[in-house]
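Numbering (full-length UniProt numbering), first residue to last: 1 to 167. We put the beta carbon where it would ideally sit given N, CA and C, even for glycine. Just so it is clear, the structure is predicted and the values come from calculations on it, not from any experiment. Quick notes on the structure that follows.
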């Protein structure tokens, strides 16, 4: 082989190698472009996802805030209702205390009236006994008067005649 042939083989080899390398470079350039497009698509998708996520998050946060406001209003309403019921309970407690005082007063008055009634009953019983004894005495005296009336009305038998004779 001569130098020309070697040179010719070397040049063809270099050209071939250059062509292969050029083809590899083009292939890699296409891959880089494809990767850049993928990166851009992914970035775009990420931005869209991020936007959608932030939009959904904002919507969720707004809904939660609205729910919290409703619950806060409900809690305030319930607190107010509890406060009103507590006030009603306090008023009822006061009414109960007043009623308890009245009941105690009425019990005391009832006891006093019962005691007075017992005393009156004792007096009535004493008076009844006195009336009965007087009734008995009145009957006795009535009987006695009847007997005396009979004695007075009865014609004198021997006593009158003997008195007339003596005159």
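Using the C-alpha atoms, what's the distance from residue 87 back to residue 93? 10 Å
With H, G and I counted as helix, E and B as strand and the rest as coil, what does DSSP make of residue 13? helix
Just the Cα atoms here: how many angstroms apart are residue 59 and residue 36? 33 Å
Helix, strand or coil for residue 116 per DSSP? helix
May I have a chain-ordered list of the beta strand (DSSP E) segments no shorter than 3 residues that lie completely inside the segment 13-48? none
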